[in-house]
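Throughout the sequence shown, residue numbering follows our numbering, covering -14 to 586 in sequence.
Contents: one structure, followed by commentary.
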Amino acid sequence: MLIKFPPRHRQLHQPTFARETSDPAVNDESCCFGSNKPKNLCQRVNVEPVIFLFAIAFGLITTVQPLFLYWARCIEIFTHYKNFTALSVHNVSDLCAHLSYENNTVYEDIVEKDISTTKIFLQIANGVPTLLTVPIIGAWSDGSGGRRRPLLLSLFGLFIYTLLQLGSTLSYKWIGVYHVLYVAEIFIGFTGGIASLFMTSFAIVTDDCRHEMLPGMSSVPLRIGITSALQSVGLVVGNLIASFFAVSPLISVREHENGYIRAVAVEFVLAFIAMFYAFVCVRETHRNLPPQFRGRESVSHQTICASSLGETPAGTGSRSCRKFMKSFVYDIVEVLVEPRPGWTRFCLNISICFFFVDLLAADNQLLLLLVKRYPFDWSDTMFTYFSLLKNVASSLGMILFPIVISKTSCLGKDSLLIMVGVLASCVQSTLFSFANNSALIFIAGGFSFLAGAIAPAYRSFLPRMVAKEETARLFTAFSIVLIFCPILSAVLFNNTFNATMDAWPGFAFLVGASFQMIVFIGQIVIHRLMWPMWSSEHEQRVQRLETNEADDELSDGQQSPVASDIDATTSTVSRSLSNVSIHCANNSPETSDDMNRRLLV
């Protein structure tokens, strides 16, 4: 027996629940335009501080971990090296401090081959469990889990990961560094990994600015650009902290080792603060109903299934389990296979496939191995300064480029940003490949200013093609790309680096540049395929604006009730074709059963 509440369209004047529990959870545009919208900056801020905090921690991880692993493996390998007494050095620390010198090339090759080979297995140890958990977390987030609980789970994994990494820096001289890193990678993988962290946090941001993704608009929402810049600035701050603690082993070996410990300790503290802040302050932005309640009411007005309070009939458990698993698997892939107007579904899937290429040439560890070699001979401090410059340029690009292009009248602005960013990444990788001095490496790093537009552009371009209740699953596809990319990058580029180490160490970056050129050409094709739809949306939007202006003039500033009803119907039904999915089974909680499904902006 089902006990139903009145239809939602009869409850428009009922008081809403607090924002933290159900206001954004109803999949309703009123949460963007209604009177209960937060007015001041403090109320508008939601997950942004968490993104900034874990970005700082991630910046420390990406900067410190390759350097620490390089040092720790050198100590471990050559502590028991049989021919060590024949070297013109005093001890193993002295050897590792001078490892990049030209006369130590043989020993440098041993360390670099060890790291580049083992990195493949570390990526697999992290990638396989993450591949298993991220789709589950994404479907859970779009379903009954909301955004907040998956975010807390991912932050807990980051907290334990930094704790294990701190233990590794304290114990690497008597416990193998790889043993601790394997445990850390596996654990964070089973909590969704860094990919799930980005997925859930940016799904919250996308939910908060859905009202800026109206039909006919292609500008990157300012909030997405600012949040992407906050992430990049967090990486810069992480680089600054790493450079602050970095001490050359030529000055003091003890202080060099203590610098790693201090930097990782800061990672640990930041991960804890981010988790605590998310638990206390982050608001829920989406809460969908379980499948049996979909299409009926919002979370704050759920249908109560009285029969569910009773016992389950005997013999139905296994069938229910199979039905649930089938529905669950479909929910995961639904966002990719759902029929959509025109070329939208094709462009959505191709764009996700293309996205991973941007990450192939962004392997900090491979770049570190390149600049540690002759003729660069970079110290840890020099590499930290370069990472700082690169991230500062990227942060500026994330903010300035979307603002500049929003002033233009062209269609598909976010698609144009993707093309510019990918082309800049291609040029950057090519310069890395042919660089023979440090100046050229720094010049290539400057192209990060243009490449910085890629992140906010993708985070605006793809969510326009799906409905709000599909956002987390869309970012799940992003996360799977983030998982596969390091694995494929390690297998392809690390092996290429090992094979061409003596003849052309930068050849791996040229391979990455060739892939990025393919993506650049592919994005041009996507832009061309989506152009008719964008043009149609733009014309419809202009017509709506002209109609509203004409109505205002005729009514002398006071709109008639009939015109108001027509405008409300138009804003509800006349949806952006490229911003929606056509649902056959899952009805929106905004409509009754005898009406067509309202397509969400």
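Cβ coordinates follow ideal geometry from the N, Cα and C atoms, glycine included.
query, result
"Closest residue to L495 among L351, G178, A424 (Cα-Cα distance)", "L351"
"Local Cβ density within 10 Å of N76, reported as buried at 16 or more and exposed below that", "exposed"
"Cβ neighbours of V356 in the same chain (closer than 7 Å, five flanking residues each side left out)", "W363, F368, I426"
"N-terminal and C-terminal residue of the alpha helix (DSSP H) that L467 is part of", "456 to 474"
"Length of the line joining the Cα atoms of V342 and I121", "25 Å"
"Distance CB(Y157)-CB(A57) smaller than 9 Å", "yes"
"Three-state class that DSSP yields for L641 in the structure shown", "Residue 641 is absent from the structure shown; the chain starts at -14 and stops at 586."
"Euclidean distance between Cα positions of G123 and E455", "9 Å"
"N-terminal and C-terminal residue of the alpha helix (DSSP H) that N480 is part of", "480 to 484"
"Own chain residues within Cβ distance below 7 Å of A227, not counting five before or after", "L45, T48, V49, A248, T369"
"Same chain, Cβ closer than 8 Å to V119, five either side skipped, listed in chain order", "G177, G178, A180, S181, M184, T461, S464, I465, I468"
"Contacts around L385, its chain only, beta-carbon distance under 8 Å, and the 5 residues preceding and following it disregarded", "none"
"Same chain only: Cβ atoms within 6 Å of S78, ignoring 5 sequence neighbours per side", "V238"
"Buried or exposed by the 16-neighbour rule on C-beta atoms within 10 Å, applied to C16", "Summary for C16: the model assigns pLDDT 36, below 50, so the residue's position carries little reliability, and this model does not support an answer."
"Backbone CA spacing between G130 and V267 [nearest angstrom]", "15 Å"
"Inter-residue Cα distance where the pair is A231 and F371", "14 Å"
"Whole-angstrom distance between F187 and N31, CA atom to CA atom", "11 Å"
"Where D594 falls: helix, strand or coil (DSSP)", "With the chain covering only -14 through 586, there is no way to say anything about residue 594."
"Whether L136 touches I173 by CB criterion (9 Å)", "no"
"Cβ contact (3+ pairs, closer than 8 Å) linking the region 423 to 442 and the region 470 to 487", "no"
"Within 9 Å, strictly: CB atoms of P360 and N421", "yes"
"Which listed residue (S139, F141, A169, L138) has its alpha carbon closest to that of S153", "A169"
"V318 versus E242: straight-line alpha-carbon distance, rounded", "47 Å"
"Neighbour-count burial assignment, S101, 16 or more Cβ in a 10 Å radius", "buried"
"Contact under 9 Å by Cβ, Y55 with V96", "yes"
"Stretch-stretch touch, CB-based, cutoff 8 Å, three pairs: the region 394 to 411 with the region 500 to 508", "yes"
"As assigned by DSSP and simplified to three states, the class of K158", "coil"
"Helix, strand or coil at D192 according to DSSP, with G and I counted as helix", "helix"
"Of the listed residues A484, D487, L166, nearest to A110 (C-alpha basis)", "L166"
"Where D536 falls: helix, strand or coil (DSSP)", "helix"
"Extent of the continuous alpha helix (DSSP H) run through R58", "33 to 64"
"Local conformation of L235 per DSSP, three classes", "coil"
"Own chain residues within Cβ distance below 8 Å of V35, not counting five before or after", "L136, L140, S186, A259, Y262, A263, V267"
"Residue burial classification, W159 (beta-carbon count within 10 angstroms, cutoff 16)", "exposed"
"Boundaries (first-last residue) of the alpha helix (DSSP H) holding T102", "90 to 127"
"Nearest to W328 (by Cα), restricted to the options A438, Q528, R513", "R513"
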